[in-house]
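In terms of this note's numbering, the sequence shown opens at residue 17 and continues consecutively.
C-beta atoms are modelled at their ideal positions from N, C-alpha and C, and glycine is treated no differently.
None of these values were measured; they are calculated from a predicted model.
The structure appears below as structure tokens.
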Amino acid sequence: MQNLYEGIILKYVDYKDNDKILTIFTKNGLQSLIAKGVKTGKRANLLDTGNLISYDIVKTKGLPILTTVILKNSFAEDKPQYSFYILFLLEVILKIQREGEDESLMYYILLYCLQNLSGNSNLYLSLFLVKVLYYEGVFIDLYSCLVCGKEFNENSNIIVSSEGVTHLSCSNLKEKNINNDTIKLLRYLLNFDIRKNKFNFSIDDLIIKESLFYLISFTENFFSSSIKSKEYITV
Ligand SMILES: [Zn+2]
Numbered sequence: 017m018q019n020l021y022e023g024i025i026l027k028y029v030d031y032k033d034n035d036k037i038l039t040i041f042t043k044n045g046l047q048s049l050i051a052k053g054v055k056t057g058k059r060a061n062l063l064d065t066g067n068l069i070s071y072d073i074v075k076t077k078g079l080p081i082l083t084t085v086i087l088k089n090s091f092a093e094d095k096p097q098y099s100f101y102i103l104f105l106l107e108v109i110l111k112i113q114r115e116g117e118d119e120s121l122m123y124y125i126l127l128y129c130l131q132n133l134s135g136n137s138n139l140y141l142s143l144f145l146v147k148v149l150y151y152e153g154v155f156i157d158l159y160s161c162l163v164c165g166k167e168f169n170e171n172s173n174i175i176v177s178s179e180g181v182t183h184l185s186c187s188n189l190k191e192k193n194i195n196n197d198t199i200k201l202l203r204y205l206l207n208f209d210i211r212k213n214k215f216n217f218s219i220d221d222l223i224i225k226e227s228l229f230y231l232i233s234f235t236e237n238f239f240s241s242s243i244k245s246k247e248y249i250t251v
């Protein structure tokens, strides 16, 4: 028989002697539940953060209790060298923190990025942050200047600040201009459809790092808090 639910374990805290309280990201948003008797024994490994599981619950007056669980994918165990990237993705999802809403779009994007991290981790982190910002309603105009309103062209010197994207000449900030290829990559990521598109071309690593750097600062600015696990990834 099929389990009723499927989700990705975002975090857990120890509870009582041998139980854990899990926070799971599903298509329908966050779900918290109690897993009994799981600190030791066979089920302990099934419930690591970042694991994709299918599961069933019984409802109680308090938190639901986990009954059956099947491990579908352990991303961190399969690819330990990517565990910090996985932590990063999970930390950002936890910042969205809504319970009981339709989150299927973000759910499939998280799953897609977890499955593809080994390709080019920084690229998938960038894609993920672009989609998170879009999903949260943060509109970054990558096509025209925030100050003068004119469209950018191939020769524009463009800078990116926490306020937005402007011509270098329209800003008071004395910052380094952003590479035009980075702007192109950000536009590409914004329009990227995980059901249709594939990254079947090579993109310069420095361009990817620059785009990720800006996306992290946009995201931190939006949530008004830092992403702690960025310390462990190389940007
Ligand atoms: Zn301008």
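- Leu126 sits close to Ile109, with the two beta carbons spaced by under 8 angstroms.
- Pairing Tyr151 with Leu105 gives a Cβ-Cβ distance that is not under 8 angstroms.
- Secondary structure at Ala51: strand, using DSSP grouped into helix, strand and coil.
- One thing to note: Leu79 has its Cβ within 8 angstroms of the Cβ of Ile50.
- Look at Lys166: its beta carbon is less than 7 angstroms from one of the heavy atoms in ligand 1.
- In the DSSP assignment, Tyr140 falls within the alpha helix (DSSP H) that extends over 137-151.
- Per DSSP, the unbroken alpha helix (DSSP H) holding Asn237 starts and ends at 221-239.
- The beta carbon of Ile223 lies closer than 7 angstroms to those of Asn195, Asp197, Thr198, Leu201 in the same chain, with the five residues before and after it left out.
- With a 10 Å radius around the Cβ and a threshold of 16 neighbouring Cβ atoms, Tyr159 comes out exposed.
- Setting aside the 5 residues that flank it on each side, Leu63 is surrounded in the same chain by Ile25, Tyr28, Lys36, Leu38, Ala51, Val54, Ile69, Val85, each with a C-beta closer than 8 angstroms to its C-beta; the list follows chain order.
- Below 8 angstroms, enough C-beta pairs join the segment 140-156 and the segment 226-237 to call them touching: three or more.
- For Val176, the shortest C-beta to heavy atom distance toward ligand 1 is 7 angstroms or greater.
- Shown here, Ile174 sits in a strand according to DSSP, grouped into three states.
- Under the three-state reduction of DSSP, Asn44 is assigned to coil, being neither helix nor strand.
- One alpha carbon belongs to Val163, the other to Gln47, and they sit about 43 angstroms apart.
- In the DSSP assignment, Gly23 is bridged to Ile69.
- Looking at the DSSP output, Leu82 bridges to Ile73.
- Partner residues in a beta bridge of Ser99, as assigned by DSSP, do not exist.
- Secondary structure at Ile199: helix, using DSSP grouped into helix, strand and coil.
- Bounds of the beta strand (DSSP E) holding Val181 are 180-183.
- DSSP places Ile249 outside both helix and strand once states are collapsed to three, so it counts as coil.
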